[in-house]
Amino acid sequence: MKRIAKIAGLAVLVGLLSCEKDVTSIGVDIQPPDDRLNIGKTDTLRLTAYRLPDDLTATSTLFRSPLGQMNDPVFGFTKADFFTQVRLPSNNVLFDNNPICDSVKLFIKFDDPGMYGPADEPNALGITIYEMNEKMESTADTFYFSNRSFDYNPIPLLDTLFVPGLTDTLSSGEERPDTMELRLPASVGQYILNGTEDELLNNANFSEYFKGLHITSNVSSEMFYLDMPSSATRMTIYYHDDELDSLSYSLTFNSNAQRSNRFYHDYSSTQLSVKPVDTTGYGEKELYVQGLNGMRTAIRIPGLENLRDCTLVINQALIEFPIVPGSNAVWEEAGNMVLLRLDSNGDTQTILDQAQGNDHFMGGFNSSENKYTFNIARHVHSVINGDAPNEPLVLVVSGNAIRANRAVLNGSDPELFEENRMKLILTYTKP
1 MKRIAKIAGL AVLVGLLSCE KDVTSIGVDI QPPDDRLNIG KTDTLRLTAY RLPDDLTATS
61 TLFRSPLGQM NDPVFGFTKA DFFTQVRLPS NNVLFDNNPI CDSVKLFIKF DDPGMYGPAD
121 EPNALGITIY EMNEKMESTA DTFYFSNRSF DYNPIPLLDT LFVPGLTDTL SSGEERPDTM
181 ELRLPASVGQ YILNGTEDEL LNNANFSEYF KGLHITSNVS SEMFYLDMPS SATRMTIYYH
241 DDELDSLSYS LTFNSNAQRS NRFYHDYSST QLSVKPVDTT GYGEKELYVQ GLNGMRTAIR
301 IPGLENLRDC TLVINQALIE FPIVPGSNAV WEEAGNMVLL RLDSNGDTQT ILDQAQGNDH
361 FMGGFNSSEN KYTFNIARHV HSVINGDAPN EPLVLVVSGN AIRANRAVLN GSDPELFEEN
421 RMKLILTYTK P
């Protein structure tokens, strides 16, 4: 068996060397023939690429909270909403002198770029807010995932429809993310003002007394990005008491507040619901990657095992993912992707090249070439040397828990896509 494997590996190596026209000799004028190193390059290794639904994503205490729903002709229906704690800004809070709530306003700042969708300007956004009945834990080792729901009072505190402004222009002409202003019932503020000394002692006690808000949307054409930890995001109670007429108290949604986003995808109106997943040969003709816990693309490179008994030094291993032309004309592609590996348990792990930094690993979208490129030289070298198993790779949107962007990619079949195909370009040295 070892002899057969070695012959197979040599056969692949011969294929690598023979298919490359520009094998370069280094130092031919100064080195003896026996010392010359041959540099080879090939892009003929077969890639088997196919789509995978994304795994559950941890969405606790992220700096951005996506909210909204949208219909993409390729990826179908996507919805995002979230649950959040409300925090006291300090301990030992006590409202005395018979406080009476006059009004409550909820201020929520948009996070740049404000939204993702098919249009440059937002359409109507419908926001519905509920009071939570179930407490969220906020310990350091508590993580909530993108399918987690919490019990809430089904009677809404607010149900409103409006067209949001995403930016605010300063007197200097500078634009900054705007803050939307929503009015909640005075009864919410009165409930907080009526809290006892013990209930308002600290945030651990307060989270038992007022468990938080569920913020959702049933009307929108875009995905809106909200900056919940911002100091501009707050819930302000306006009240008076027996001594003063104009008082206010602001609660926060800072980085210590537990939050959890929930994502939902429905592909039933698209071709994705009827297309079979093809894991044979070159795999599927088109591949799909989507943020907010949507689609992923898996890539297998079966030929790498055949090189384990060959003497090769991998100088560079560029894997390219071209976008289907025109597929990003309306729905913007993701600015960055991440390439991971899928271990034997089905969990995603980083690959060696990621630790080398972005200058080495790459992964950003090249708009002039309309593709993503990664350098996975260390990963390929470790597989060929037998230091790592040849596990499938997985392409995902970078920051997929906070970004709704997506991409439709060409497959790897050279007969269908020729040079504009998904491919692995190996540059190697054969001593």
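The sequence shown begins at 1 in our numbering and counts up by one.
All C-beta atoms in this analysis are idealised placements derived from N, C-alpha and C, irrespective of residue type, glycine included.
Simplified DSSP assignment, three categories, for residue i
i: G303; result: helix
i: N205; result: helix
i: A186; result: helix
i: E131; result: strand
i: E418; result: helix
i: A80; result: strand
i: S246; result: coil
i: T155; result: A small correction: the amino acid at residue 155 is Ile; Thr does not occupy that position in the sequence shown. The answer is coil: DSSP assigns I155 none of H, G, I, E or B.
i: Q356; result: helix
i: P384; result: Just to set this straight, residue 384 is Ile in the shown sequence, not Pro. The answer is helix: DSSP assigns I384 an H, G or I state.
i: Q69; result: strand
i: S273; result: helix
i: E333; result: coil
i: Y267; result: coil
i: L213; result: strand
Identity of the residues DSSP links to residue i by a beta bridge
i: F145; result: A58
i: K41; result: T427
i: L409; result: L287 and I323
i: M362; result: F374
i: A317; result: L426
i: F63; result: According to DSSP, F63 bridges with nothing at all.
i: P177; result: T167
i: T297; result: R51 and L395
i: M136; result: According to DSSP, which records beta bridges pairwise, M136 is partnered with nothing at all.
i: G126; result: L161 and V219
i: S115; result: Before going on, a small fix: residue 115 reads as Met here, not Ser. In DSSP, M115 forms a bridge with F224.
i: R234; result: F107 and T252
i: Y239; result: C101 and L247
i: V338; result: V396
i: S344; result: Answer is none; S344 lacks a bridge partner.
i: Q349; result: R341
i: S90; result: The partner list for S90 (beta bridge, DSSP) is empty, contrary to what the question assumes.
C-beta contact flag for residue i and residue j at 7 Å
i: Q290; j: F75; result: yes
i: L184; j: L226; result: no
i: S146; j: L56; result: yes
i: K135; j: T236; result: no
i: D81; j: R259; result: no
i: A119; j: I299; result: no
i: G212; j: T350; result: no
i: N218; j: G126; result: yes
i: H265; j: I100; result: no
i: N336; j: G294; result: no
i: T429; j: V330; result: no
i: G303; j: L45; result: yes
i: N405; j: E286; result: no
i: E418; j: K371; result: no
i: L352; j: L395; result: no
i: M180; j: I129; result: no
i: A407; j: A334; result: yes
i: T252; j: R234; result: yes
i: Y249; j: D102; result: no
Between the CA atoms of residue j and residue i - distance to the nearest angstrom
i: I192; j: N123; result: 34 Å
i: T196; j: A58; result: 35 Å
i: M422; j: D111; result: 34 Å
i: P322; j: T427; result: 20 Å
i: D432; j: T167; result: Since the first and last residues shown for the chain are 1 and 431, residue 432 lies out of range.
i: F206; j: R87; result: 8 Å
i: E369; j: S90; result: 53 Å
i: Q190; j: N256; result: 24 Å
i: K21; j: D343; result: Note that K21 has pLDDT 38, beneath the 50 cutoff, so the model's placement of it is unreliable and no number is given.
i: L95; j: T373; result: The question names Leu, yet the displayed sequence has Phe at residue 95. Between F95 and T373, the C-alpha separation is close to 59 Å.
i: N345; j: P392; result: 12 Å
i: P229; j: D72; result: 29 Å
i: G165; j: G117; result: 15 Å
i: G386; j: G40; result: 21 Å
i: N133; j: F210; result: 8 Å
i: T24; j: S221; result: The pLDDT assigned to T24 is 36, lower than 50, so where the model puts this residue is not dependable; a value taken from the coordinates is nonetheless given after this. Approximately 54 Å between the Cα atoms of the pair.
i: L175; j: A388; result: A small fix is needed here, since residue 175 is Glu in this sequence, not Leu. Rounded to the nearest angstrom, the two C-alpha atoms are 49 Å apart.
i: G326; j: S60; result: 35 Å
i: P53; j: T42; result: 31 Å
i: N194; j: D151; result: 23 Å
i: V28; j: S382; result: In this prediction, V28 scores a pLDDT of 35, lower than 50, which makes its location untrustworthy; no coordinate-derived value is stated.
Kindly confirm or deny that the region 128 to 139 and the region 236 to 250 touch, where touching means at least three C-beta pairs closer than 8 Å. no
Any chance the region 58 to 67 sits against the region 302 to 319, with 3 or more Cβ pairs inside 8 Å? no
Counting pairs of Cβ atoms below 8 Å between the region 371 to 391 and the region 351 to 359, do you hit three or more? yes
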